[in-house]
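Numbering (numbering that gives the first Met the number 0), first residue to last: 0 to 652. Backbone N, C-alpha and C define an ideal beta-carbon position, used for all residues, glycine too. Have a look at the structure below before the remarks.
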Amino acid sequence: MTIDLAALHGGPRTEPLGWTVAADTLCTAFAAQVARHPERSAVLADDGELTYRQLGSAVAATAAAVRDAVGDAPAGGGRAALLCRHGATTITGLLAALAGGRAYVPLEPSFPAERLAHILADSDPDVLLVDAAHAEWARELATAAGRPGLTVVHIGLPSPDPDLHEVLVGLASGAAADDPAYLLYTSGSTGEPKGVVQSHRNVLFGVANHVRNFALRPDDRTSVLTSFGYDMAVTDMFSAVLSGAAAVPSDIRTHGLAHLARTLARHRVTVYHSTPTVYRYLLASLGPDGRLPAVRAVLLGGEEVTRHDVELARRHFAPGAVFVNGYGTTEISFAAQYHIGPDAELDHAVVPVGRPLPGIEVVLVGTGGDRAEDTGEVVVRCAHVALGYHGLPELTSARFGEFEGVRAYRTGDIARRLPDGRLVFLGRADRMVKIRGYRVELGEVESRLAALPGVGHAAVVARDSGEGSGPRTKEIIAYAVPARDASVDPAALRAALARLLPDYMLPRTVVLVDALPMGPTGKLDVRALPEPPVPVPVAGDGSPPVGRDALEERIAAVWCAALGVESVPRAVSFFELGGHSLLMALVQERLAEALGQRIPLVQLVEHSTVAGLAAFLQAGPPAAEAAPNVAADRMRRRREARQRTAVPVEARS
């Protein structure tokens, strides 16, 4: 059954884009929008609001600064890494990289330094674009990556009164349609992230599909919530600035859920896109009566979507809002979508991911590699799948190739096709899982844990989280067998992993075991692994620990409700108790209600124990929620961490 998506989304709203997939690059497509809509808003962000003329001016100035510093891009395109805060600066920097003929490589500032240094070394850029807050850290990372002489260029600002003709001249690029446009690094089973390479032409193909399917036009405003190192941001940002619409980036990790809700409302965002986990936390923070009436379309992807998610959209967004569940990966962007109108009946508890998008075929194959009738591994046949993995020819050959004469990508996902053609995502064929919407290869976490001093063997599993005030999510549980004659502290092991892995890859807890249980085939018997301990010990009569004052009591009550426990120790970190960044953002809202004051999210992360937060608040009122110098604070904490021993190991007598 074919659905008229333009009609579903309010009629034939889409205007001619001024570019084509066949003939253009991301640079020429962006320049076309600057020429057509110079005075329209292009970016509405915490760090600046820019028209298309202003954004084009900043991009051209930064591209010129790069050329002055390192010259033109090498033949076939070089690479430019980016390290800056989530917002207008990042959009300026990545467009400047493209305008200079280079593929961009985003570095997420919240990631551990070792991971960023690996990405920097592996991608081998000839320039690193930064904002002022991250310049010092950029030089530290370059040194750690073995590139102490790497050129660092500051991302520029628009000129006061930019001349449109000069801006368009400055946006001219020598890039070709099949040149790489970006490297995005995803979790890898070998213990190191792998870089997915995609071309200008292929990105434009995905953007054209998205603009057409959502009937985007210049009066739309689209959210950009995920880090620019993930494919969701590619879709959101480029579909906006290549269609004359406005991109609205918001950094949840820094500012929290209330700030996100205010941003969406203030800028009247019309197209909302996030993972289901972020979506559920956002709507939980709004309360039962909170609404975002400008949102006409909500797109979720990255995790399982339920009927209840659709019902939430009908309650909180515009009366005619369309709900969309999507399926895709970094290697293919979106491959399938299911658009659900406001009056459509919901026939499944788990919402299907829909049908393949135009120009894409989804084939289900069996173990023998032939087409399966209704259930099998998802193979995407499309001329526009990614170019491959940077520097990994064997893995590229294993995942990318031809299927029945058409270029194809083997996803490793398992799906079932319903009689009406819709697809239902069933899970992974390997050990890849989704944690809060991020792809995590459990083998990478496992290999990192096994490599720590004092660890003999390790196993890592994913399971549903426990009860609490936040939506249920998947969480990682790690098991470690101490090496012979070694004594290790589980908390120290987790702390060591925190210096190596992003927070969404961190185990909720590390459980020490004498041996890993094996089944009759010699494989790990996951069902025989012991249950992890409850996050915190509960006092025998349910009473609070001795010595806790009234302020600590109110903080602890909010934590207990969020974590789903009866009691919390006053000197143990919220994150060690099973909390994560999104749950802390919800705690921020609950604390504002309980204490009558809003605490900046960065301070909640910094003072992450009950006692520490109470002492911070008693020392004086928290500063207004201005943009914090997160980079400087992070560098200080990392210097302190480097001075400590990663994992205490004591020889047993």
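Candidates Asp502, Asp160, Ala527 and Arg261: which alpha carbon is nearest Gln53's? Out of Asp502, Asp160, Ala527 and Arg261, Asp160 has the C-alpha closest to the C-alpha of Gln53.
Can you check DSSP and say which residues form a bridge with Gln53? DSSP lists no partner for Gln53.
Given 8 Å as the limit, is there contact between the segment 439-448 and the segment 495-508, that is, 3 or more CB pairs closer than that? Segments in contact, yes.
Those residues which DSSP pairs with Phe333 across a bridge: Gly327.
Option nearest Ala74 by Cα separation, candidates Pro179, Ala134, Ala63 and Arg35: The shortest CA-to-CA distance from Ala74 to any of Pro179, Ala134, Ala63 and Arg35 is the one to Pro179.
What span of residues does the beta strand (DSSP E) with Gly455 cover, start to end? Per DSSP, Gly455 belongs to the beta strand (DSSP E) from Val454 to Asp463.
Round the Cβ separation of Tyr271 and Val297 to the nearest angstrom and send it over; I've been treating them as touching at under 8 Å. Their Cβ separation, rounded to whole angstroms, is 5 Å, which keeps Tyr271 and Val297 in contact under 8 Å.
Quick one: give me the first and last residue of the alpha helix (DSSP H) that Asp121 is part of. Taken as a continuous stretch (DSSP letters only), the alpha helix (DSSP H) holding Asp121 covers Ala112 to Ser122.
Sequence-distant residues of its chain with Cβ nearer than 6 Å to Pro105 (five each side left out): Here Pro105 has Leu81, Phe227 and Gly228 as same chain residues with Cβ atoms under 6 Å from its own Cβ, once five neighbours each way along the sequence are excluded.
Distance CB(Glu551)-CB(Ala618) smaller than 8 Å: No, the pair does not count as a contact, with Cβ atoms beyond the cut-off.
Rounded to the nearest angstrom, what separates Ile434 and His254 at their Cα positions? Put simply, the backbone Cα of Ile434 is about 21 Å away from that of His254.
C-beta atoms of Leu49 and Pro157 nearer than 8 Å: Their beta carbons are under 8 Å apart, which means Leu49 touches Pro157 by this criterion.
Do you know how far the Cα of Val601 is from the Cα of Thr508? In this model, Thr508 and Val601 are separated by some 23 Å (Cα to Cα).
Could you tell me if Gln32 is buried or exposed, where buried requires 16 or more neighbouring beta carbons within 10 angstroms of its beta carbon? Under the 10 Å beta carbon count, Gln32 is surrounded by 16 or more other beta carbons and is classified as buried.
What residue range is occupied by the uninterrupted beta strand (DSSP E) comprising Met236? Under the DSSP assignment, Met236 falls outside any beta strand (DSSP E), being part of the alpha helix (DSSP H) whose first and last residues are Asp230 to Val240.
Pro275, DSSP secondary structure in three states: In this structure, Pro275 counts as helix in the three-state DSSP scheme.
Please state whether DSSP places Phe227 in a helix, a strand or coil. Looking at Phe227 - three-state DSSP - the assignment turns out to be coil, as it is neither helix nor strand.
Per DSSP, what kind of secondary structure is Glu165 in: helix, strand or coil? If DSSP states are grouped into helix, strand and coil, Glu165 belongs with the helices.
Can you check whether the CB of Gly86 is closer than 8 Å to the CB of Asp46? With respect to Gly86, Asp46 sits close: the two C-beta atoms are nearer than 8 Å.
Between which residues of its own chain and Glu302 is the CB-CB distance below 7 Å, once the five residues before and five after are set aside? Residues of the same chain with a CB within less than 7 Å of the CB of Glu302, apart from the 5 flanking positions on each side, are Thr274, Pro275, Thr276, Lys433 and Gly436 in chain order.
Could you compute how far the alpha carbon of Leu594 sits from the alpha carbon of Ala560? Leu594 and Ala560: Cα-Cα distance of roughly 15 Å.
Strand pairing of Pro73, partner residues [DSSP]: Its beta-bridge partners do not exist; DSSP assigns none.
Determine the extent of the alpha helix (DSSP H) in which Ala497 is found, giving its start and end residues. Element bounds for Ala497: Pro489 to Ala497.
Comparing C-alpha positions only, which one of Leu612, Val586 and Ala479 sits nearest to Ala257? Out of Leu612, Val586 and Ala479, Val586 has the C-alpha closest to the C-alpha of Ala257.
By Cβ distance below 8 Å, which residues in the same chain neighbour Val557 in space, the five residues on each side in sequence not counted? Only residues of its own chain outside the window of five on either side were considered, and among them Val586, Arg589, Leu590 and Ala593 have a CB closer than 8 Å to the CB of Val557, listed in chain order.
Can you tell me whether Gly17 is helix, strand or coil according to DSSP? The answer is coil: DSSP assigns Gly17 none of H, G, I, E or B.
Limits of the alpha helix (DSSP H) - the one that Ile554 falls within: Following the DSSP letters along the chain, one finds Ile554 inside the alpha helix (DSSP H) bounded by residues Ala549 to Leu562.
Within a Cβ cutoff of 6 Å, which residues of the same chain sit near Ala626, ignoring the five residues on either side of it in sequence? Caution applies to Ala626, whose pLDDT of 41 falls short of 50 and renders its modelled position unreliable; the value that the coordinates give is listed next. If we look at Ala626 and ignore the five residues flanking it on each side, it has no Cβ neighbours.
Verify whether the separation of the beta carbon atoms of Thr234 and Gly205 is less than 8 Å. For the 8 Å CB-CB criterion, Thr234 and Gly205 form a contact.
Answer yes or no: do Arg84 and Asp23 have a C-beta to C-beta separation smaller than 8 Å? No, they are not a contact pair.
Is DSSP giving Gln596 helix, strand or coil here? Annotated three-state conformation of Gln596 is coil, per DSSP.
Sub-8 Å separation of Asn208 and Gly358 beta-carbons: Yes, the pair counts as a contact, with Cβ atoms nearer than the cut-off.
Buried or exposed for Leu576, please, with buried defined as at least 16 other CB atoms from any protein chain shown within 10 angstroms of its CB. Around the Cβ of Leu576, a 10 Å sphere holds 16 or more other Cβ atoms; the residue is buried.
Minimum C-alpha distance to Ala62 - residue among His36, Leu94 and Tyr51: It is Leu94.
By Cβ distance below 6 Å, which residues in the same chain neighbour Gly375 in space, the five residues on each side in sequence not counted? The residues are Leu363, Val364 and Gly365.
Near Gly531, what residues of its chain come up, given a Cβ to Cβ distance below 6 Å and the 5 sequence neighbours on each side ignored? At residue 531 the sequence reads Pro, which differs from the Gly that was named. Hits under 6 Å: Ile476, Thr508 and Val510.
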